[in-house]
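One structure is given here, and the rest of the page talks about it.
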Amino acid sequence: MRAGRRRVCVVGLVGLVWWALGAAQATPADWTNTAYDPRIPTLDAVVGHAVGSEITAPADAVRYVQALAEAAPERTKLVEYARTWEGRPLVYLLVGAPERIREIEAIKADMQRLAYPRSLDQAAAEALIERLPAVVWLAYGVHGNEISGTDAGLALAYHLLAGRDDPTLSQVLQETVVAIDPSQNPDGRARFVQHYAQTRGLEPAGDGIAAERREPWPGGRTNHYYFDMNRDWLPLTQPEVRGRVASFLEYFPVVHVDAHEMGTDSTFYFPPPAQPYNPHITQTQRDMLATYGRGIASAFDRHGFAYFTRDVYDSYYPGYGDTWPAFQGSVGMTFEMASARGLVGRRRDGSLVTYADGLQRHFVGSLATVETAAAHRAEFLRNFYRYRRSALAGEHGGALAYLVPLTGDVGAVGKLADKLVAHGVRVRRTGEAQQVCDTDLPAGSFVVPGRQPAGRMVRTFLEPESPIDAAFLARQEARRARGEYAELYDVLGWSLPAMYGVPVVTCDRLPALAEGTYAGPFDPGFAPPEATTVAWLVPWGTRAAGKFLAGALRQGLTVRGADEAFTIGDRRWPAGSLILRLADNSQHTAEDLLREVRTLARATGAEVVASDTSWTEEGPSFGSADVVPMVAPRVALAWDEPTASYSAGSTRFVLERQFDYPVVPVRTADLRRPGLSRFDVLILPEGGDYADVLGERGVAVLREWVDAGGVLVGLGEALRFLTDPDVGLLATQRERLAAVSEGEREEGATVDGSLIESAEDYAAALQREAPTPDPLPGVLLRAVPDPNHWLTVGVDEQKGVNFLVEGRDVYRPLALDEGVNAMRFAPAASLGVGGHLWAENRAQWAWKPAVAVAEQGRGMVIAFASDPNFRATLDGANLLFLNAVLRGPAHARRIR
621 MRAGRRRVCV VGLVGLVWWA LGAAQATPAD WTNTAYDPRI PTLDAVVGHA
671 VGSEITAPAD AVRYVQALAE AAPERTKLVE YARTWEGRPL VYLLVGAPER
721 IREIEAIKAD MQRLAYPRSL DQAAAEALIE RLPAVVWLAY GVHGNEISGT
771 DAGLALAYHL LAGRDDPTLS QVLQETVVAI DPSQNPDGRA RFVQHYAQTR
821 GLEPAGDGIA AERREPWPGG RTNHYYFDMN RDWLPLTQPE VRGRVASFLE
871 YFPVVHVDAH EMGTDSTFYF PPPAQPYNPH ITQTQRDMLA TYGRGIASAF
921 DRHGFAYFTR DVYDSYYPGY GDTWPAFQGS VGMTFEMASA RGLVGRRRDG
971 SLVTYADGLQ RHFVGSLATV ETAAAHRAEF LRNFYRYRRS ALAGEHGGAL
1021 AYLVPLTGDV GAVGKLADKL VAHGVRVRRT GEAQQVCDTD LPAGSFVVPG
1071 RQPAGRMVRT FLEPESPIDA AFLARQEARR ARGEYAELYD VLGWSLPAMY
1121 GVPVVTCDRL PALAEGTYAG PFDPGFAPPE ATTVAWLVPW GTRAAGKFLA
1171 GALRQGLTVR GADEAFTIGD RRWPAGSLIL RLADNSQHTA EDLLREVRTL
1221 ARATGAEVVA SDTSWTEEGP SFGSADVVPM VAPRVALAWD EPTASYSAGS
1271 TRFVLERQFD YPVVPVRTAD LRRPGLSRFD VLILPEGGDY ADVLGERGVA
1321 VLREWVDAGG VLVGLGEALR FLTDPDVGLL ATQRERLAAV SEGEREEGAT
1371 VDGSLIESAE DYAAALQREA PTPDPLPGVL LRAVPDPNHW LTVGVDEQKG
1421 VNFLVEGRDV YRPLALDEGV NAMRFAPAAS LGVGGHLWAE NRAQWAWKPA
1471 VAVAEQGRGM VIAFASDPNF RATLDGANLL FLNAVLRGPA HARRIR
């Protein structure tokens, strides 16, 4: 539709007038087929623009749903469920018949009975199903620059409340309660709207290179910390998603719609999804997806809207807004609309797609979903109950129990238990020490029953693998043999125990359990530190110890770190243990220092032990050169182009929000300017061409800074910059595919002749000489430490550290005169710990460096081959990363 023209579209039995660009303001008279109640305010009346004529700002979206709730209090309930990092409210609006809204607390209570049916017999369940409405959850704009869904949600809310004398609408309001979340990511949407307002001109520009359609870094997709929140339903790191999951678990909607946008040249996607399905999504749920798909297709066909299904968007990774609900027994769906990325976008064929187009299609799809749920209310509620009941009965298979011993990093163990509780998983604790399934379980260990309503979620979250369909994998191997990419949409490894570094044991029987169900939060139960005349000691190897160190350094306390293990009395203290001597902190009185240490211990959950002696029976003494005085480093983080915003954001989040340590983002181009010398650590996140942004002068400044004592930490693809021979900061190189000859193809106009005598010869001829390895599809790989290097203190030598590895960058080991391979990937037989791994990747990644350290001048370069802060999910890698950032400067000062 071209700018300035106005079109009307009828939506089934009800209609929605929608406006092209520059259209007149809307009035109730513009709606067709349904009479609208003038007492219900239009968007125009509240915000000042008609639906589809402008991109509604997030604050205005909240203002409008507040106005709807005030106009129809008997049929609505407005709930604020969270606040963003930037302080913006996240809300949902419940819409239903008056009796449904009056009974909403009873409806929630009855859904809890249906969701946890251990004491619910079939007759009682059927009675609940007979009277309960189906809750339908419609969520829009989890990616802030996918913009049309928000206004579609507002239009739908108006339609449900203002429509009169429509029998279909009456059925919807009686059979369902509709929850509308207009903007799941108001911080990102605000960023987009501000950019659009700053760049728009006299009329909308649909060209792909127009400034209004080309967002600057980082774009509006992500939230304040640049997280893709459509991947956060599994890790639950962001307040927006934590609030969303908590709300879901109150109502257990039968369907959850996550409305998105995609490339301008596409059409519209709705389920059924593409292969592969997660194996723990049931056939009944697949059939329900098909039912919804047919309902939406019917509505789209009536309007002549193009769409596609069963392509691109799969249902394998369990952390999307359309897959997580499935493991609770509901159905999750993604909608994807071709995006105008503004008010209008021009496709490559010259046709236009408008913001109003997106609004209309999302409205039609959402309304069709609600109508389908209303028509199948009892069936879908019964399917939900049967799903939960079947998991309680163990029909999904798996272990009877998942044992989580309270050993090692007990804080990490407790965090895993708390995370499962937040997901609605039932967790129990042992009341006494015991041995079950050849596993020692100290008192207070955690047990996750496999036979519970969320049992399928337990399996997919806690087991190392969620097997992919064999036929699908065979097709992907065939594609790879043809030189094509595998059809995989997201990561294949996500096992929470592997990411947290917490051992979980499957068991065929339940141990003796304490009374009641664990509700959290976890308390490690360490005694508060006692007064001392010499020092307090903190054993290293836990995230809590890392938080203690970060907090002590921020408070200006002097802390020493032991590079080797030592023994005092009958206790052995592991390498990395912290020593806080009274003599080093004489600026504080003993009473004040004790108060500060106790406050830190309580806030971080670290074990802090008083020692009235510094005499060590074994290992270094407190005054040894191997006990290094720590400094509070000033940390800079490369920001803006060419960094990958996800990596920059998650790195900042891990340091600031998980360890409470400040970071200073510095625009990459400004690293060429004076001022870098004031920082001790510089982190280069994953990213593109750093050399191009820095230029020759910037690269020289960076080398000079490292030579002078700086600690440069590179993550993932940033190693391409560090290993560039023209940069000269790290001596290793990326490897080519090991299975192909290392010979270089001769440059020139002619090549040697060849004979092709078979299909195999032909396939070989299509391959480039010495290609790079196929990209890893996001799998968990185990790395093991060099136990003699300070960087690996706190890393369990047997367990190692698990990294989530994507891409094709594998590096040769550093030679002895080039540096130290502080962490190397495990041998092939024990390399993969989660997700499907291509055979040649398994062979080539084995034994290669995962973390390398190279001294340069008085400084050093620390290189992580894979980002240890990936989506802030790799808690098991946190200490290794903290060692680099917080211990690195102290060790750089020792370099001579």
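Heads up: the sequence shown is residues 621 to 1516, going by my numbering. Here a beta-carbon is modelled for each residue, glycine too, at the ideal position from N, C-alpha and C.
It is roughly 45 Å from the alpha-carbon of residue 1029 to the alpha-carbon of residue 749. Close CB contacts of residue 1106 within its chain, under the 7 Å cut and outside five residues either way in sequence, are with 1096, 1099, 1100, 1397 (chain order). Note that the region 852-862 touches the region 1039-1053; at least 3 beta-carbon pairs, one per stretch, sit closer than 8 Å.
From the listed residues 1487, 1114, 1244, the smallest Cα separation to residue 937 is found for 1114. Within the same chain, 1335, 1471 come within 6 Å of residue 1484 by CB-CB distance, once the 5 residues on both sides are set aside. Here residue 1065 is buried. Its C-beta has 16 or more other C-beta atoms within 10 Å.
Contact fails between the region 1421-1435 and the region 1255-1274, because fewer than three Cβ pairs, one in each stretch, are under 8 Å apart. Counting of Cβ neighbours within 10 angstroms places residue 799 among the buried residues, the total reaching 16 or more. Note on geometry: alpha-carbon atoms of residue 1418 and residue 1164 lie some 21 Å from one another.
Residue 679 and residue 818 have their C-alpha atoms spaced approximately 18 Å apart.
Of the candidates 705, 1211, 746, 807, the residue whose Cα lies closest to the Cα of residue 1004 is 746. For the pair residue 922 and residue 1355, the Cα-to-Cα distance works out to about 55 Å. Put simply, the backbone Cα of residue 1425 is about 26 Å away from that of residue 946. Separation of the CB atoms of residue 1413 and residue 1118 is rounded to 22 Å, and the pair is thereby denied contact status at 8 Å. Going by C-alpha positions, residue 1124 is about 31 Å away from residue 873. Annotation note: the region 988-1023 contains the following uninterrupted alpha helix (DSSP H) runs of length 4 or greater, listed N- to C-terminal: 997-1012.
Taking residue 1493 as the centre and dropping the five residues before and after it, the same chain places the C-beta of 855, 1119 closer than 6 Å to its C-beta, in chain order. For residue 1397, the enclosing beta strand (DSSP E) covers residues 1396-1405. For residue 1330 and residue 985, the gap between their C-alpha atoms comes out near 55 Å. Within 10 angstroms of the beta-carbon of residue 732 lie fewer than 16 other beta-carbons, which makes it exposed. Distance from the CA of residue 712 to the CA of residue 990, rounded to the nearest whole angstrom, comes to 16 Å. Between the alpha carbons of residue 838 and residue 1486 lies a distance of about 21 Å. If you look at residue 818, you'll find it in the alpha helix (DSSP H) that goes 806-819. Under DSSP, residue 1441 shares a beta bridge with 1472. When DSSP states are grouped into helix, strand and coil, residue 708 belongs to the coil group. In this structure, the alpha-carbon of residue 1258 lies about 5 Å from that of residue 1286. If one requires a minimum length of 3 residues, the beta strand (DSSP E) runs lying completely within the region 1062-1129 are 1066-1069, 1125-1127, in chain order. Around the beta carbon of residue 1446, 16 or more other beta carbons lie within 10 angstroms, which makes this residue buried. When C-beta atoms of the region 661-671 are compared with those of the region 790-805, fewer than three pairs fall below 8 Å, so the two segments do not count as touching.
For residue 1226, the secondary structure class from DSSP, reduced to helix, strand or coil, is coil.
Between residue 1231 and residue 952, the alpha-carbon positions lie close to 55 Å from each other. By the C-beta density criterion, residue 832 is buried, having at least 16 other C-beta atoms within 10 angstroms.
For residue 1122 and residue 1405, the gap between their C-alpha atoms comes out near 17 Å. The three-state reading of DSSP puts residue 1056 in strand, counting E and B together. In this structure, the alpha-carbon of residue 802 lies about 9 Å from that of residue 777. Contact between residue 979 and residue 863 does not hold, since the beta-carbon distance rounds to 26 Å and is not under 8 Å.
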